[in-house]
Amino acid sequence: MATRLRPAGSALRQTATLRSQRICSRPVNGVRCLTSGTYRVPKPFNEPNLEFAPNSPERTKLSRALEELRAQLPVKVPAIGGKNAQVSANQSLTSMVMPAEHKSSFQEFASASKEDVNKAIESALKAKKTWQEMPFTDRASIFLRAADLVSGKYRFQLLAATMLGQGKNAWQAEIDAAAELADFYRYNVGFAQEIYDKQPTVNAQSHHGRTDWRPLEGFVYAVSPFNFTAIGGNLVSAPALMGNVVVWKPAPMNAYASHLVHQILLEAGLPEGVIQIVHGDAETITNTVFDHREFSALAFIGSSDVFRSLNVKAAQGLAEKRYRDFPRMMGETSGKNFHLLHPSADVVNAAKHTVRASFEYAGQKCSACSRIYIPESRADEFFTQIKKELARVKVGPPEDYQSFTGPVINKKAFDRITAAIDSANADSKLEKVVGGTYDSSTGWYIDPTIYKTSNPDHELFDKELFGPVLVAYVYPDAEFEKTLDIVDKQGGGFALTGNIFSNDQQAVRLAEDKLRYAAGNFYINCKITAAVIGQQSFGGSRMSGTCDKAGSAGLMQRFTAPRTLKEEYNKLDEVLYPSNL
Ligand SMILES: NC(=O)c1ccc[n+]([C@@H]2O[C@H](COP(=O)([O-])OP(=O)(O)OC[C@H]3O[C@@H](n4cnc5c(N)ncnc54)[C@H](O)[C@@H]3O)[C@@H](O)[C@H]2O)c1
Ligand SMILES: N[C@@H](CCC=O)C(=O)O
């Protein structure tokens, strides 16, 4: 039996429901809608965070959800999701262990064959006409209802899945699987309204210009990473809200959390077929999708190398004239993100922010800080404060509320990061400040690790390790401007997030200008992680992606093919121009 959603108690809060009704003039699913009006969706808001303090009701509820989930392990995930989809008894399944406890299997998923993927594509295309003809206000209602299910009825179930499956502690799971996911659904509805509202404002006399925000003609392929439950949920909601149908391939390590998100969308009223979730071998699924004539767009979040390879595949398809459209290629990818301290910086503040940015969720946020630049005059103070903070930090399992950070995702990541640590420990050009140790006896644990160097060209400044490893360049105070050039040049060609800590506004201006292309998200006197939907849209350029910005109308507009209409109310009297007469 596939794991189904269970209510986890009463909704925490009732959010505003869509007050507007439908606008349409033709029957939808045989139902004629008769209301009229230019409807406005509710104003989006950021979901308030629960804090899980000792003895809080939310801590009790979360602990219960964790116990209930543990009792069901390993959870089973069907190859293709749907209201009644199930894993059959004789199907071979792929097992994924818990990052914090690798002797225990967390999830087992079935893998889609090429035929299954083709069926999923055809089901999505079959659902397309009805879905895109559904009035926007009704599509919006489905996602607003989903937001309430995420933040209410299924909140603790989503958190538990994200904690056990992806190794996040309660706070990290909360800001991802509850808050950010609900925020994406609510804000995306607002962004869609913003797009539909964009209409020509100037018309010549007796003319009427209009924009028809058509969804893409084929289907969208969404490929999501392991580290955020909300990211996959957004990658599918953004195109679907704009009237597209989507084939969704989540990362194997969050197959179960993504399955839950899909089930929630179905419960919220999403018609079956509109989003087809497909699990299995990445290449089999992708090759089948890329062979299809109606492949219209890729919405990818993951590593740069994979995104690059998918661009090459799509180019090959284009060269062979396989597609009807030029597929849109949207990708948010890797980073080698920086903190930069000016000599005027508040060093205590900078050190605290750096501990969070580099080591929360074991450095596995694409936004995480993995390189830092510190002026010589402030370096001792900075490292002393960092050590003081790290002495209070517990590395441990996600279910332990005391754990500040947890394991890395799997053995492959553990081996990759610890190999880099072994080599750094033996590198005479690096001096270890803290950490450099790890332990895989129960889970994939790596201690927060910092190296410093006076060699700004060390390869660690260019390599995304995606783990809790930070490299620091201590620069001569007089070389602040030169250091800006180094920051810009380094970072492996990536340009995702970065910041400056400074109490000198001229230095802030200089950094903001010189580092204009070094980061898609640039922060001043605060850490570089935890962008909030509606406040900081997210994404970088250079080799970090196409910078379409998750959490913005910009990304959603990429899932449209606008049609321009012009209507005239007068007749043409004369063929010849006045000058011809
Ligand atoms: N910029 C962002 O917004 C953002 C957000 C989260 C993660 N990331 C990046 O994602 C990476 C970590 O996530 P990950 O380990 O899941 O990334 P990944 O690139 O290994 O996988 C991402 C997705 O691509 C799929 N995939 C892997 N190989 C594939 C192939 N050959 N063909 C088709 N699909 C393939 C995976 O199964 C997964 O669904 C890091 O590089 C991180 O910086 C970026
Ligand atoms: N948007 C998140 C990062 C997502 C990538 O993993 C942040 O801003 O920290």
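The UniProt record's numbering puts the first residue of the sequence shown at 1, with every later residue one more than the last. All C-beta atoms in this analysis are idealised placements derived from N, C-alpha and C, irrespective of residue type, glycine included.
Beta bridge counterpart(s) of residue i as assigned by DSSP
{"i": "V75", "result": "Q107"}
{"i": "V469", "result": "T449"}
{"i": "D212", "result": "R563"}
{"i": "R371", "result": "F338, V471"}
{"i": "N49", "result": "Paired residue(s): none; N49 is not in a bridge."}
{"i": "I500", "result": "I524"}
{"i": "L93", "result": "A110"}
{"i": "D439", "result": "Y445"}
{"i": "M98", "result": "E101"}
{"i": "I80", "result": "V278"}
{"i": "A550", "result": "F538"}
{"i": "F494", "result": "R542"}
{"i": "E568", "result": "H207"}
Local Cβ density within 10 Å of residue i, reported as buried at 16 or more and exposed below that
{"i": "L581", "result": "exposed"}
{"i": "E133", "result": "exposed"}
{"i": "V247", "result": "buried"}
{"i": "S367", "result": "buried"}
{"i": "A314", "result": "buried"}
{"i": "Y517", "result": "exposed"}
{"i": "S403", "result": "buried"}
{"i": "K571", "result": "exposed"}
{"i": "S151", "result": "buried"}
{"i": "S10", "result": "Low local confidence applies: a pLDDT of 37 at S10 is under 50, so the model's placement there is unreliable, and no value is given."}
{"i": "S88", "result": "exposed"}
{"i": "S258", "result": "buried"}
{"i": "P578", "result": "exposed"}
{"i": "N455", "result": "exposed"}
{"i": "Y187", "result": "buried"}
{"i": "T405", "result": "buried"}
{"i": "S95", "result": "exposed"}
{"i": "G218", "result": "buried"}
Between the CA atoms of residue j and residue i - distance to the nearest angstrom
{"i": "Y490", "j": "Q364", "result": "With the sequence shown as reference, residue 490 is identified as Gln, and Tyr is not the correct amino acid for it. Those two C-alpha atoms are separated by around 20 angstroms."}
{"i": "A127", "j": "P271", "result": "8 angstroms"}
{"i": "I277", "j": "M329", "result": "20 angstroms"}
{"i": "E574", "j": "D325", "result": "39 angstroms"}
{"i": "S36", "j": "F136", "result": "13 angstroms"}
{"i": "C24", "j": "Y196", "result": "For C24, the predicted structure reports a pLDDT of 49, less than 50, and the residue's modelled location is therefore unreliable. A value from the coordinates is still provided. Going from the Cα of C24 to the Cα of Y196 covers about 15 angstroms."}
{"i": "Y185", "j": "L235", "result": "11 angstroms"}
{"i": "T60", "j": "A53", "result": "10 angstroms"}
{"i": "V348", "j": "T453", "result": "21 angstroms"}
{"i": "M543", "j": "T437", "result": "30 angstroms"}
{"i": "P57", "j": "Q263", "result": "26 angstroms"}
{"i": "D488", "j": "K394", "result": "33 angstroms"}
{"i": "S377", "j": "P343", "result": "7 angstroms"}
{"i": "K432", "j": "V312", "result": "40 angstroms"}
{"i": "L341", "j": "G493", "result": "21 angstroms"}
{"i": "A240", "j": "L93", "result": "29 angstroms"}
{"i": "K153", "j": "A65", "result": "12 angstroms"}
{"i": "R214", "j": "K198", "result": "13 angstroms"}
{"i": "L565", "j": "Y39", "result": "22 angstroms"}
{"i": "E389", "j": "K352", "result": "7 angstroms"}
{"i": "S358", "j": "A140", "result": "37 angstroms"}
{"i": "I80", "j": "I121", "result": "11 angstroms"}
{"i": "L158", "j": "A177", "result": "6 angstroms"}
Span of the alpha helix (DSSP H), counted from its first residue to its last, around residue i
{"i": "E431", "result": "Per DSSP, E431 belongs to no alpha helix (DSSP H); it is in the beta strand (DSSP E), 431–434."}
{"i": "N188", "result": "181–197"}
{"i": "F461", "result": "Careful: F461 lies outside any alpha helix (DSSP H) and carries neither H nor E."}
{"i": "F480", "result": "480–489"}
{"i": "G554", "result": "553–557"}
{"i": "Q506", "result": "505–514"}
{"i": "A426", "result": "It is not in any alpha helix (DSSP H) - A426 carries neither H nor E in the DSSP assignment."}
{"i": "A178", "result": "Counting along the chain, A178 falls outside any alpha helix (DSSP H), and DSSP gives it neither H nor E."}
Extent of the continuous beta strand (DSSP E) to which residue i belongs
{"i": "Y221", "result": "219–223"}
{"i": "E332", "result": "328–332"}
Residue-chain proximity (residue i, chain D), Cβ-Cβ < 8 angstroms
{"i": "Y451", "result": "Here chain D cannot be found, since the structure has a single protein chain."}
Residue i: CB within 7 angstroms of a non-hydrogen atom of ligand 4
{"i": "S579", "result": "No copy of ligand 4 occurs in the structure displayed; its ligands are ligand 1 and ligand 2 alone."}
At what residue ranges does the stretch 240–311 contain a whole run of the beta strand (DSSP E), taking only runs of 3 or more?
Runs found: 246–249, 275–277, 295–301.
Any chance you could list the alpha helix (DSSP H) runs of at least 4 consecutive residues sitting entirely within the stretch 337–422, in chain order?
With a minimum length of 4 residues, the continuous alpha helix (DSSP H) runs that stay inside the stretch 337–422 are 347–359, 376–390.
Taking only runs of the alpha helix (DSSP H) that begin and end inside the stretch 110–163, which ones reach a length of at least 4 residues, in chain order?
114–133, 136–151, all fully within the stretch 110–163.
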